[in-house]
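From first to last, the protein sequence lines stand for chains A and B. Going by the numbering used here, 197 is the number at position 197 of the first sequence; the sequence numbering is gapless. To convert, count from 1 in the second sequence and add 321; that's the numbering used here. See below for the structure under consideration.
There are 2 protein chains.
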Amino acid sequence: MTADPRPGRATAQLAAPGAAPLAHRVPDLGALELLLAVARLGSLGRAARELGISQPAASGRIRAMERLLGVALVDRSPRGSRLTDAGALVTDWAGRVVEAAEAFDAGAQALRGRRDSRLRVAASMTIAEYLLPGWLVALRRARPDTAVSLLAGNSAAVAERLLAHEADLGFVEGTAVPEGLDSAVIGHDRLLVVAAPGHPWARRRGPIDPGELAGTALILREPGSGTRQVLDAGLAPYGGVAEPLLELASTTALKAAAVSGAGPCVLSELAVGEELAAHRLVKVPVEGVRLRRDLRAVWPVGTRPAGPARDLLSLTRGALE
Amino acid sequence: MTADPRPGRATAQLAAPGAAPLAHRVPDLGALELLLAVARLGSLGRAARELGISQPAASGRIRAMERLLGVALVDRSPRGSRLTDAGALVTDWAGRVVEAAEAFDAGAQALRGRRDSRLRVAASMTIAEYLLPGWLVALRRARPDTAVSLLAGNSAAVAERLLAHEADLGFVEGTAVPEGLDSAVIGHDRLLVVAAPGHPWARRRGPIDPGELAGTALILREPGSGTRQVLDAGLAPYGGVAEPLLELASTTALKAAAVSGAGPCVLSELAVGEELAAHRLVKVPVEGVRLRRDLRAVWPVGTRPAGPARDLLSLTRGALE
DNA sequence: CAGCGGTCATAAGTACAGGTTATGACCTCA
DNA sequence: TGAGGTCATAACCTGTACTTATGACCGCTG
C-alpha cells in the first residue's frame, strides 16, 4: 500500500484527538474478555477458571481496570460478583471490541493457514476485508475443527487458484464471471460518496447529480482497482471522473484521508459502516447513477461445492441484501 | 446483572471455539495501532515517533506481531515500509478493532467524567450502550476539548436529572415524553426476533405470525425493562407473551444465551448488528406486529440546547433512519 | 454451633514482554 | 563521498501480570 503522499498533513489531524495512545486508556483484550466472562458467570473465580488464570489474577485485573476507568464495575459480595450499572455499560462496549477481535482472529487464522488445510478460500480484497472474517467466525462456531486458509487477490487471481485446484471456493465482486467458473450471487455492494461531517457536501439538502460528481476532484482508489472501475463506468456518460484529488492504494488510507477532511471520497458501503454509524463520515446522496456491483461465490464448473465449502456458501446466503 | 441461571451449559458452548483465550492470539491494541500508523505513514520510524516510542521498539513490535500471525505484514526497504498484501488485509481488520476501542474509550471517558464537566448527558441504557459512544467519538473530533459526563438510567431518571439541572441533554426511548421536557425524535428502534443459525426458526421459509410468537417461550429481558414493555404492548392483542424461557437482566447476557442456542430472543436491532453481520444470530421475520419505538433527545422546556449540547444534538440528527 | 464450600482480598516472589540507548548496515541522493 | 534517511541488532532495565499460599467473610447444613 502506498504511503500517504502528504505525510505530515492528514496525519496530524488524525493523530490529534487523544494525544496519548489509545492503548494506555483502554484495558487490553484479556481484561475485556475477563469482564465479559465475569458478567456471564457471575463470579470472579469462575471467570478466572474459564480463562485459565488464577483467581487472584482475575481479581487484580478487574481492580486495575476499575482504577484505569475510574469507575466501579462489579459489586463483589461473598456469594458472587454482579455488574454495577456502569459495569453493564462498559461490558457492552467491551463486547464490541471483543467481537472485532474475534473477527480479526478468524481472518488471521485463515491467512496463516497452511496449504494442506481443509478449506481453501480465495477472495477479492473487498470481500476478504469486510465480509469473510464475520463468516469465518460463524463457520468456526458451526464447524469448530475446520481449518481455513485464505488467499486474497483480484478476480483473475481467484479464478486461477480455483482452476488450478488450489482453492475450493472463491468470492469475487464485479460484473463478469471469469471463464470456467460457475457462480451464485450472494449479495450486492454499492459505492457511496462520503465526506467528513464538516464538508460542504455533508450539509447539502438535496442529492448531487452525476454531472457534479464527475466534475469534482475526489479521493479515489488507483485506476484498475475494482471500485475505481465501477465508478469510471458509471460516470462515463457524464464525461468520466475528474482528475482525482488524491489517489491512494488502500481502503484504510482512503478512509483516513476522508475522515481528516481532505475531501469527498468514493468507496464501498461495506467499508464505511462503522464510520457512518459513528458519524465520522456522512453519506452524500447521489441521484441518477447506479454505482453497484454483484458479489458472487464462484467455483470451477462441474465441481459443486461440498463439505466445508458448502457450509461456508450456505452461511453467506441471505447474510446480505 | 443476573448470572446465567445455567452456568455450565451455555458457557461451555460460548467458551469452546478458541480454547486458548483470544488475547493470546490477537496482538494487543498498541500493536494494532502501530500497524495502522505504519500503514498510514509508510515508515516504522515515523510511526514510532507518532506513538511516542522508539524506532527499535516499533520494529520489534511489528516483528512480534508477524511471528504471532505467521505472516509477513510489511515489506521493509531502506527507504520505508509498505504493507504486504496480507498486511493490507490485517490492517483493515485491525482498523475495526481500533474503532471499537475508540468507542469504548469515548464512553469510558464520559462515564468517569466529573460533575463539573462541560457537557452532562443523561441517557437510557440502550442509547448509552449502542449509540452514544459513536456520537462521542464524533463529538470529540469536532470539539476536541469538550469534556462529557454520562449518566445512564431509565426514562424517569433521565427526566429527573434534566429537571434538576444536573444534566444538559437527555436521550430516551419509548412512546411517552416525560412531563416538563421538550423533545425531538432522532431515530427509531425496532425490536427483532433473532435465533441462532441452528434454530428451527432460522430455517423457516415464511415469516412467523404474532400468535405463534406470543405462544412461544422466548428469552427476554425482565418485565419493566424498555424492550419488554414494547413487546408486551405489541403482543397484548394476541394474548400477551408466553411464560419466558429465560429472563435475563442485561442485553449482553441475552445475546450470549441466544447465540449459544438456548432459544429465540427478542431485542433491539441496535444491539445485534454485529451478530447479524457475523451470522452468529439470524433475524426471524415477523408479520403483522409493529415492535418499534421512537428514540428522542430531550431537554427541559424553555432551555433550548446550546453550546456543546447543541453540537451533540446536531450530530445525532440524520445519523439514523 | 461447628464446619464445609463458596466467595474475594492480600502478600511475597518470579518471569517476561516491552521499553530504553547505542550502534551498525544498507540505500539514495546531492 | 558524505549526509540523511531507512531498518536491525545487542545489552540492559523496569514494570506488569502472573503464580502460590494464606486469611477473612458469608451462608448453608448436619
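Glycine included, every Cβ here is placed at the ideal spot set by N, Cα and C.
Per-residue DSSP class, three states only, for residue i
i	result
Val-38/A	helix
Ala-12/A	The predicted position of Ala-12/A is uncertain, since its pLDDT is 33 and thus under 50; a value taken from the coordinates is nonetheless stated next. Ala-12/A falls in the helix class under three-state DSSP.
Ser-635/B	helix
Ile-186/A	strand
Ile-448/B	helix
Arg-524/B	helix
Arg-79/A	coil
Val-26/A	coil
Ser-59/A	helix
Asp-294/A	strand
Arg-143/A	coil
Pro-565/B	coil
Ala-195/A	strand
Thr-2/A	Annotation note: pLDDT 35 at Thr-2/A (below 50); position unreliable, coordinate value reported separately. It is coil, neither helix nor strand.
Ala-640/B	Below a pLDDT of 50, predicted positions are generally treated as unreliable, and Ala-640/B, at 47, falls in that range; the measurement from the model is reported next regardless. In the structure shown, Ala-640/B sits in coil (DSSP, three-state: anything other than H, G, I, E or B).
Leu-490/B	strand
Arg-120/A	strand
Ala-538/B	coil
Pro-308/A	helix
Ala-333/A	Because chain A in this structure spans residues 1 to 321, residue 333/A falls outside the shown range and cannot be described.
Ala-473/B	strand
Val-603/B	strand
Leu-68/A	helix
Pro-531/B	helix
C-alpha gap between residue i and residue j, whole angstroms
i	j	result
Val-551/B	Leu-29/A	35 Å
Pro-626/B	Gly-491/B	10 Å
Ala-277/A	Val-515/B	22 Å
Thr-405/B	Asp-396/B	6 Å
Arg-293/A	Leu-362/B	32 Å
Gly-60/A	Leu-51/A	14 Å
Arg-310/A	Glu-166/A	17 Å
Ile-62/A	Pro-348/B	20 Å
Gly-428/B	Arg-204/A	30 Å
Val-301/A	Ala-159/A	11 Å
Ala-37/A	Ile-53/A	12 Å
Val-493/B	Leu-73/A	23 Å
Ala-202/A	Gly-628/B	21 Å
Whole-Å CB distance - residue i paired with residue j, under 8 Å assumed
i	j	result
Pro-264/A	Leu-235/A	That belief does not hold up - the Cβ atoms of Pro-264/A and Leu-235/A are roughly 14 Å apart, past 8 Å.
Leu-119/A	Leu-312/A	7 Å
Ile-47/A	Leu-34/A	According to the sequence displayed, residue 47/A carries Ala and not Ile. Yes, they are in contact, since the Cβ atoms of Ala-47/A and Leu-34/A sit about 6 Å apart, within 8 Å.
Leu-270/A	Thr-227/A	In fact, because the Cβ distance is near 10 Å, the residues do not count as touching under 8 Å.
His-600/B	Ala-138/A	4 Å
Glu-222/A	Glu-420/B	Incorrect: roughly 24 Å between the Cβ atoms, too far for contact.
Pro-606/B	Pro-528/B	4 Å
Val-298/A	Leu-162/A	7 Å
Ala-578/B	Ile-540/B	5 Å
Gly-180/A	Leu-150/A	Not really, about 22 Å apart at Cβ, beyond 8 Å.
Ala-88/A	Ala-123/A	Incorrect: roughly 37 Å between the Cβ atoms, too far for contact.
Val-177/A	Arg-296/A	6 Å
Val-71/A	Leu-432/B	5 Å
Thr-126/A	Ser-268/A	6 Å
- prompt: Would you say the stretch 523-536 of chain B touches the stretch 559-572 of chain B, given that touching needs at least three Cβ pairs under 8 Å?
  reply: Yes, the stretch 523-536 of chain B is in contact with the stretch 559-572 of chain B.
field: Interfacial residues, the stretch 89-101 of chain A to chain B, with Cβ spacing under 8 Å
entry: So the list reads Leu-89, Val-90, Thr-91, Asp-92, Trp-93, Ala-94, Gly-95, Arg-96, Val-97, Val-98, Glu-99, Ala-100 and Ala-101, given in the order they occur along the chain.
- prompt: Is it true that the stretch 250-265 of chain A meets the stretch 187-207 of chain A, where meeting means three or more beta-carbon pairs spaced less than 8 Å apart?
  reply: The stretch 250-265 of chain A makes contact with the stretch 187-207 of chain A; the number of CB pairs closer than 8 Å reaches 3 or more.
- prompt: Using Cβ-Cβ distances below 8 Å, what residues of the stretch 446-464 of chain B are close to chain A?
  reply: Correct list: Met-446, Ala-449, Glu-450, Tyr-451, Pro-454, Gly-455, Trp-456, Val-458, Ala-459, Arg-461, Arg-462 and Ala-463.
message: Taking beta-carbon pairs under 7 Å, can you tell me which members of the stretch 56-70 of chain A lie near chain B?
response: When CB distances to chain B are screened at a threshold of 7 Å, the residues of the stretch 56-70 of chain A falling below it are Leu-69 and Gly-70, in chain order.
- prompt: With contact counted as at least three CB pairs below 8 Å, one residue from each stretch, are the stretch 497-516 of chain B and the stretch 453-467 of chain B in contact?
  reply: No, the stretch 497-516 of chain B is not in contact with the stretch 453-467 of chain B.
query: Listed from N- to C-terminal order along the chain, which residues in the stretch 483-511 of chain B have their beta-carbon within a distance smaller than 8 Å of any beta-carbon of chain A?
result: In summary, no residue of the stretch 483-511 of chain B has a CB separated from any CB of chain A by less than 8 Å.
- request: Please name the residues in the stretch 556-583 of chain B whose beta-carbon is closer than 7 Å to at least one beta-carbon of chain A, in chain order.
  value: Correct list: Ser-571, Thr-572, Thr-573, Ala-574 and Ala-577.
task: Anything in the stretch 542-554 of chain B with a Cβ closer than 9 Å to a Cβ of chain A? List those residues in chain order, please.
output: Those residues of the stretch 542-554 of chain B that come within reach of chain A (Cβ to Cβ, closer than 9 Å) do not exist; the list is empty.
- prompt: Relative to chain B, which residues along the stretch 262-281 of chain A have a C-beta separation below 9 Å, given in chain order?
  reply: Listed by position along the chain: Ala-271, Gly-273, Glu-274, Glu-275, Leu-276, Ala-277, Ala-278, His-279 and Arg-280.
- prompt: Using 8 Å as the Cβ pair cut-off and three pairs as the minimum, do the stretch 81-99 of chain A and the stretch 399-414 of chain B touch?
  reply: Result no; under three Cβ-Cβ pairs closer than 8 Å.
query: In the stretch 289-310 of chain A, which residues sit with their C-beta less than 7 Å from some C-beta in chain B, listed in chain order?
result: Within the stretch 289-310 of chain A, no residue has its Cβ closer than 7 Å to any Cβ of chain B.
Chain-ordered residues of the stretch 188-222 of chain A with a beta carbon less than 9 Å from chain B: For the stretch 188-222 of chain A, which is checked against every Cβ of chain B, the residues closer than 9 Å are Ala-196, Pro-197 and Gly-198.
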